[in-house]
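Visitor:
Residue numbers (full-length UniProt numbering): 1 to 631.
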């Protein structure tokens with residue numbers, strides 16, 4: 001990785017959040033107005049593109065040029081710059097800059113002259129012009145010039161549902177991914193090694209566990225007791241929706257063999273009815289994120305440890321071309337990490353946050369709602385869950401399937417009454433709900449709750465609520481989603497990683513229909529791009545390839561009728577994700593007035609063979625016209 005001083009190219013200001021960005025918090029529209037703003041995206045892009053050949057702006061160095069109207073780009077750029085050094089105009093040139101300025105993704109988008117350009121001019125963290133290289137050099141003779149050669153530039157890739165803050169903790173724990181277990185010959189040795197290095201009584205926690213990939217077979221309570229009885233030991237499933245624990249960990253969680261299943265979850269049992277160590281959905285999840293859960297489980301690392309780990313997470317996300325993400329489950333623990341990372345200058349991406357619903361009342365009490373924050377760290381909405389995991393075989397479906405928990409159609413993690421009341425409360429407070437729902441029965445319950453909340457309080461009827469994953473849907477549900485203006489955020493590369501598991505859980509027909517990007521787009525629905533990392537693969541280019549080819553990791557094509565074009569997939573991971581966070585007015589396109597966030601690629605994802613899209617190298621990643629990563 002190479003960059004200028006502090007990872008910033010010469011002549012650019014530091015891109016981390018600080019007081020200079022705080023004033024912009026008031027510029028962002030309320031979430032209930034987001035649909036109106038998004039509806040204007042196409043018009044905004046068209047108008048900006050139309051004006052870009054005639055608009056004149058200050059080059060940022062006090063020239064005698066006519067300044068024109070700088071009420072948006074100019075003033076925002078001045079805020080972004082140092083109070084001692086005015087921001088300088090930069091001109092970026094590449095072989096092809098895919099602007100996505102036409103945001104409707106119509107059939108003739110490829111022929112739209114606004115869809116690509118040769119050069120961009122930026123002032124501070126905003127794009128101020130787009131056009132020919134020679135034209136922009138003539139207009140801004142004193143500008144810093146950045147020639148990207150034969151590279152292809154796309155809008156900054158945006159992951160609308162992932163878990164980077166949790167990942168910072170995960171990387172400090174034992175890795176039980178398929179790769180790690182294969183190299184070690186199984187899970188037991190890795191756990192035992194960590195136990196030997198850990199003081200008795202302290203937690204031994206492993207992450208990313210895939211029982212199907214464990215050469216030593218599926219972990220159980222007895223297997224973990226054999227690893228250690230002096231430590232509480234727990235291995236978290238790669239989906240994060242279940243975990244397996246030893247006896248000591250079960251005791252700390254308050255679970256006994258005679259206990260009934262808790263609300264919204266299931267406890268695994270052996271043939272004698274004793275707890276086998278497995279905790280599904282609420283039985284596990286509430287011990288992690290409920291305020292009254294097991295505090296020792298979250299206290300194993302210092303904040304310094306976590307910030308250092310988070311810095312590596314940021315680096316890896318930027319190496320994948322990501323400039324923005326939405327963290328899909330934030331508790332006070334994650335919020336503190338983000339704030340500390342921002343304070344130390346470690347946070348180099350733009351982050352939206354979905355706060356876990358158990359903390360919603362705290363937000364409401366102090367008047368915080370969706371949109372609070374700035375362009376680097378913003379509250380996007382409130383996260384709820386109604387069912388289980390797609391690849392964990394616990395999602396809530398209308399028709400039965402061979403779920404590994406014994407339930408014939410999955411797990412509902414909140415009662416209808418509690419769920420409906422929470423959705424109504426969040427909606428009436430002016431915030432966005434983002435509900436984890438995989439199965440068709442679960443998606444229907446989400447739509448029921450949103451429709452009821454809007455009918456009860458129409459003041460916020462325009463809020464673009466979200467359905468996370470939205471994995472198994474039929475035509476009726478798609479029509480309801482379109483009518484409600486709800487934004488689905490389905491998995492991108494999940495079929496590549498876990499597609500083979502879906503047939504076994506849900507049967508051929510449902511597996512082929514999973515992650516229905518084609519259905520959503522054909523219905524005119526805006527769709528966000530999601531990795532769900534670390535539960536799923538991170539690289540957006542792998543997700544784009546998977547959406548275009550519908551090919552699993554073992555080469556099988558799963559549901560070819562749900563394929564989309566490369567341009568459509570790119571829009572999902574740029575303007576679609578920006579729409580999902582209510583920020584399509586500033587992100588997702590490369591046009592005057594938009595944030596200068598872009599990804600520099602070694603080839604063109606719209607013209608290479610679809611199977612090669614994931615192999616395109618990421619050359620550099622830029623946030624606010626500042627380089628945050630370079631190969």
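All C-beta atoms, glycine included, are put in the ideal place defined by N, C-alpha and C. It should be emphasised that the depicted structure is a prediction, and the values quoted were computed from it without experimental measurement.
CA-CA distance, residue 191 and residue 212?
Guide: Reading the chain shown from its first residue, position 191 is the one you call residue 191. Reading the chain shown from its first residue, position 212 is the one you call residue 212. Distance between the alpha carbons of residue 191 and residue 212: 17 Å.
Visitor: Got a sec, what are the start and stop residues for the alpha helix (DSSP H) residue 475 sits in?
Guide: Locating residue 475 in the chain shown gives position 475, counting from the first residue. 475-484 is the extent of the alpha helix (DSSP H) around residue 475.
Visitor: Taking the C-alpha atoms as reference points, what is the distance between residue 93 and residue 155?
Guide: The residue you call residue 93 lines up with position 93 of the chain shown. The residue you call residue 155 lines up with position 155 of the chain shown. Near 14 Å, if we compare the C-alpha coordinates of residue 155 and residue 93.
Visitor: Would you grab the beta carbon distance between residue 236 and residue 227 for me? Rounded to a whole angstrom, and I think it's under 8 Å.
Guide: Residue mapping note: residue 236 aligns to position 236 of the chain shown, counting from 1. Residue mapping note: residue 227 aligns to position 227 of the chain shown, counting from 1. The pair is not a contact, with the Cβ atoms about 15 Å apart (cut-off 8 Å).
Visitor: DSSP state of residue 346, grouped into three classes?
Guide: Walking along the chain shown from the start, residue 346 turns up at place 346. Correct three-state label for residue 346: coil.
Visitor: Less than 8 Å between the beta carbons of residue 210 and residue 238, yes or no?
Guide: As a position in the chain shown, residue 210 is number 210, starting the count at 1. As a position in the chain shown, residue 238 is number 238, starting the count at 1. Taking 8 Å as the Cβ cut-off, residue 210 and residue 238 qualify as a contacting pair.
Visitor: Here's the rule I'm using: 16 or more other beta-carbon atoms within 10 Å means buried, otherwise exposed. How should residue 621 be labelled?
Guide: Numbered from 1 along the chain shown, position 621 holds the residue referred to as residue 621. Under this definition residue 621 is a buried residue.
Visitor: For residue 177, collect the residues of the same chain with a Cβ closer than 6 Å to its Cβ; drop the 5 residues on either side in sequence, then sort them by chain order.
Guide: Numbered from 1 along the chain shown, position 177 holds the residue referred to as residue 177. Counting only Cβ-Cβ distances below 6 Å, and skipping sequence neighbours, we find 208.
Visitor: Does the region 352-369 come within contact of the region 420-439, defined as at least 3 CB pairs closer than 8 Å?
Guide: In short, these stretches touch, since the Cβ pair count reaches three.
Visitor: At the level of alpha carbons, what is the spacing between residue 433 and residue 427?
Guide: The residue labelled residue 433 in the question sits at position 433 within the chain shown. The residue labelled residue 427 in the question sits at position 427 within the chain shown. Cα-Cα distance, rounded: 7 Å.
Visitor: Under 7 Å Cβ to Cβ from residue 240, same chain only, skipping five residues before and after it: list those, please.
Guide: One-based indexing of the chain shown puts residue 240 at position 240. Cβ neighbours of residue 240 beyond the five flanking positions: 535.
Visitor: Under 7 Å from any heavy atom of the ligand FAD, does the C-beta of residue 381 make it?
Guide: The model on display carries no ligand, and the ligand FAD is accordingly not part of it.
Visitor: Between which residues of its own chain and residue 443 is the CB-CB distance below 7 Å, once the five residues before and five after are set aside?
Guide: By one-based count along the chain shown, residue 443 stands at place 443. If we look at residue 443 and ignore the five residues flanking it on each side, its Cβ neighbours are 437, 467, 470, 473, 477.
Visitor: Can you tell me whether residue 330 is buried or exposed, with buried defined as 16 or more other CB within 10 angstroms of its CB?
Guide: On the chain shown, residue 330 is found 330 positions in, with the first residue counted as 1. That one is buried.
Visitor: May I have the straight-line CA-CA distance separating residue 128 from residue 136, to the nearest angstrom?
Guide: Counted from its first residue, the chain shown places residue 128 at position 128. Counted from its first residue, the chain shown places residue 136 at position 136. The straight-line gap from Cα to Cα measures roughly 10 Å.
Visitor: Could you tell me whether the Cβ atoms of residue 317 and residue 215 are closer together than 8 Å?
Guide: Within the chain shown, numbered from 1, the residue matching residue 317 stands at position 317. Within the chain shown, numbered from 1, the residue matching residue 215 stands at position 215. No, these two residues do not count as a Cβ contact at 8 Å.
Visitor: Pick from 547, 431, 286: whose alpha carbon is nearest that of residue 370?
Guide: Indexing the chain shown from 1 puts residue 370 at position 370. Of the candidates 547, 431, 286, the one whose C-alpha sits nearest the C-alpha of residue 370 is 431.
Visitor: Using a threshold of 8 Å, state whether the C-beta atoms of residue 492 and residue 453 are closer than that.
Guide: For the purposes of this step, residue 492 is taken as the residue at position 492 of the chain shown. For the purposes of this step, residue 453 is taken as the residue at position 453 of the chain shown. No. Outside cutoff.
Visitor: Quick one, which of 157, 379, 593, 303 has its alpha-carbon nearest residue 319's?
Guide: For the purposes of this step, residue 319 is taken as residue 319 along the chain shown, with counting starting at 1. The residue with the shortest Cα to Cα distance from residue 319 is 157.
Visitor: By Cβ distance below 8 Å, which residues in the same chain neighbour residue 457 in space, the five residues on each side in sequence not counted?
Guide: Numbered from its first residue, the chain shown carries residue 457 at position 457. Closer than 8 Å at the Cβ level, and outside the excluded window around residue 457, lie 424, 427, 428.
Visitor: Using a 10 Å radius around the Cβ and a threshold of 16 neighbouring Cβ atoms, would you call residue 339 buried or exposed?
Guide: Against the chain shown, residue 339 aligns to sequence position 339. Answer is exposed; the Cβ neighbour count stays below 16.
Visitor: Can you tell me which of the three DSSP states residue 209 falls into?
Guide: Here residue 209 refers to the residue found at position 209 of the chain shown. The answer is strand: DSSP assigns residue 209 an E or B state.
Visitor: Could you check what DSSP says for residue 237 in three-state terms: helix, strand or coil?
Guide: Here residue 237 refers to the residue found at position 237 when the chain shown is read from its first residue. In this structure, residue 237 counts as strand in the three-state DSSP scheme.
Visitor: Who are residue 216's beta bridge partners in DSSP?
Guide: Numbered from 1 along the chain shown, position 216 holds the residue referred to as residue 216. None, per the DSSP bridge assignment.
Visitor: Taking only the alpha-carbon atoms, compute the straight-line gap between residue 252 and residue 441 and give it to the nearest angstrom.
Guide: Locating residue 252 in the chain shown gives position 252, counting from the first residue. Locating residue 441 in the chain shown gives position 441, counting from the first residue. Near 34 Å, if we compare the C-alpha coordinates of residue 441 and residue 252.
Visitor: So residue 246 packs on residue 225, CB below 8 Å; how close in whole Å?
Guide: Residue 246 sits at position 246 when you count from the first residue of the chain shown. Residue 225 sits at position 225 when you count from the first residue of the chain shown. Right, the Cβ-Cβ distance comes to about 5 Å (below 8 Å), so this counts as a contact.
Visitor: So for residue 623, helix, strand or coil by DSSP?
Guide: Mapped onto the chain shown, residue 623 falls at position 623. Reduced to three states, the DSSP call for residue 623 is strand.
Visitor: Can you tell me whether residue 201 is buried or exposed? The criterion is at least 16 other CB atoms within 10 Å of its CB, across all chains shown.
Guide: Residue 201 sits at position 201 when you count from the first residue of the chain shown. It is exposed - the Cβ of residue 201 has fewer than 16 other Cβ atoms within 10 Å.
Visitor: Write down the C-beta distance between residue 352 and residue 378 rounded to the nearest angstrom, noting that I regard them as a contact closer than 8 Å.
Guide: Here residue 352 refers to the residue found at position 352 of the chain shown. Here residue 378 refers to the residue found at position 378 of the chain shown. Between residue 378 and residue 352 the Cβ distance is about 5 Å, and since that is below 8 Å, they are a contact.
Visitor: Is residue 552 closer than 8 Å to residue 606 when the C-beta atoms are compared?
Guide: On the chain shown, residue 606 is found 606 positions in, with the first residue counted as 1. On the chain shown, residue 552 is found 552 positions in, with the first residue counted as 1. No, the pair does not count as a contact, with Cβ atoms beyond the cut-off.
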